[in-house]
Amino acid sequence: MPEGHTVHRIARRFELDVVGEVARVTSPQGRFADGARVLDGRPVVAAHAVGKHLFVGFGPTEGAAQPAPDRWSVASSWLRVHLGLYGAWDFHGRLSPLTPGDVAVGSMGAPRLRRSVRVGEGESTLADDGPFPPDPVGQVRVRVATEQTVADLRGPSACELLTADEVRLLVARAGPDPHLDGSAAARRRFVEAVRARRVAVGQLLMDQSVVSGIGNIYRAELLFRAELDPWTPGRTVPAEVAGTLWDDWAVLLEDGITTGVMLTRADLAEGDRVRALTDPSLRHAVYGRAGRPCLRCAAPVVVEPMAGRKLYRCPACQR
DNA sequence: AAAACATGCAGAA
DNA sequence: TCTGCCTGTTTTG
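Under UniProt numbering, the letters of the first sequence match residues 1 to 319, in that order.
As structure tokens, then:
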């Protein structure tokens, strides 16, 4: 159940611990057996996240990176993974610290051995005392293994092999991702996409062709932080307000990538912020708080369906 | 033990 | 708007 920050962290994990190595690729579960055979024994040359898509690039041969017209040219095959609602990567073995502010992996410093991290539904440290590499547990669709690190994929909604051209097409259709492109043009593209449509802004924020990476939690929290009613039609959202949504998404995304935690409350003092990093119940202002008092005005938080998903909002603060 | 639920999305109707 | 799919965890009976 990842939103964009999670997928960027996964891409970074691949960059740090898998890229540059020859990978043994298998499908313990069997459902990706053909694809695994194609990739097995080839070098991993790149990993990128675009919104909620993860792309892992495999080269035909080791080393010898050719001068490339774009980032997708460096690989001859790309593994595209989308985690959907249930997907997760379990990492075992050598796991380099992802960021200086990382709280999810535990202590900083040298790469750790025999440490496992599940990245997907939140992030947690798994006990891993057995031999390396560990036997696959449960339904492992794909295992990408190097000498020192094992990445197990489970429950993805998409797992397929693409050519560079197919990746380019997919990426061109995706909405802007502020972690990849923080330019004024990307911001403008988002603002215009919102204001071009009558659809509720709450729905547009989760539309991956409007903006990449936002899911149900960030959606609810971004709109609360902007004090904006999710049911406001996109075309009536002032350009300045839409711009603020983009800027705030960029901030929350970077923070989520750094810490591995979706901490979206603006009202926390530093001490409470530290506590919230380890206590999920303290992280959100409206998400998952139906019936409980709004942290800003004490009115009961409302939950209602929007396009089949649960939408949380404060009926008093958000207009 | 069974059911409900979850940070998602594609495809059909 | 609805259904189906993917897997694991939590809640209910």
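Every residue gets a Cβ at the ideal spot worked out from N, C-alpha and C, and that includes glycine.
None of the values given here were measured: they were computed from a predicted structure.
Query, Result
"Assigned secondary structure, Met108 (DSSP; H/G/I helix, E/B strand, else coil)", "Its pLDDT being 41, under 50, Met108 is placed unreliably in this model, and the value from its coordinates should be taken loosely. Coil at Met108, not helix or strand."
"Coarse secondary structure for Phe14, derived from DSSP in three states", "helix"
"Residue environment, Glu240, which counts as buried when at least 16 other CB atoms sit within 10 Å", "exposed"
"Host alpha helix (DSSP H) of Thr259 (start-end)", "239 to 259"
"Integer Cβ distance of Arg143 from Thr26, believed to fall under 8 Å", "5 Å"
"Phe224 - partner residues in DSSP beta bridges", "DSSP lists no partner for Phe224."
"Buried versus exposed call for Lys310 [16 or more other C-beta atoms within 10 Å across all chains shown]", "exposed"
"DSSP state of Asp267 mapped onto helix, strand, coil", "coil"
"CB of residue 334 within 8 Å of CB of Gln318, strictly", "Outside the displayed span of the chain (1 to 319) sits residue 334, for which this structure offers no information."
"Which residues DSSP lists as bridging Glu160, in chain order", "Arg80"
"Where Asp90 sits in the DSSP three-state scheme", "strand"
"Candidates Glu227, Gly182, Thr232, Arg187: closest to Val199 by CA position", "Thr232"
"Contact test: Glu227 Cβ vs the ligand SAH heavy atom, cutoff 7 Å", "Among the components of this structure there are no ligands whatsoever, and the ligand SAH is therefore not found."
"Classification of Cys294 by the beta-carbon crowding that lies within 10 angstroms, buried from 16 upward", "buried"
"Nearest candidate by alpha-carbon position, reference Gly308, set Met206, Arg31, Thr149", "Met206"
"Residue nearest to Ser281 in terms of C-alpha spacing, selected from Ala220, Arg265, Ala269", "Arg265"
"Among Phe32, Val18, Val50, nearest to His179 - alpha-carbon criterion", "Val50"
"Nearest to Leu83 (by Cα), restricted to the options Asp152, Ala186, Arg197, Asp267", "Asp152"
"Bridge partners - Pro293, DSSP secondary structure assignment", "Pro300"
"Between the CA atoms of Ala145 and Asp135 - distance to the nearest angstrom", "12 Å"
"Alpha-carbon to alpha-carbon, Ser209 and Arg173", "6 Å"
"First and last residue of the uninterrupted alpha helix (DSSP H) at Asp152", "Here Asp152 belongs to no alpha helix (DSSP H); instead the beta strand (DSSP E) covers 149 to 154."
"Coil, strand or helix - His284 by DSSP", "coil"
"Three-way DSSP call (helix, strand, coil) for Thr236 in this model", "helix"
"Of the listed residues Ala196, Ala299, Ala23, nearest to Asp40 (C-alpha basis)", "Ala23"
"Val56 classed as buried or exposed, judged by whether at least 16 other C-beta atoms fall within 10 angstroms", "buried"
"For Arg187 and Trp246, believed in contact at Cβ under 8 Å, the rounded distance", "5 Å"
"Inter-residue Cα distance where the pair is Ala220 and Pro60", "44 Å"
"Burial state of Ala75, where buried means 16 or more other Cβ atoms lie within 10 Å", "buried"
"Per DSSP, the bridge partner or partners of Thr26", "Arg143"
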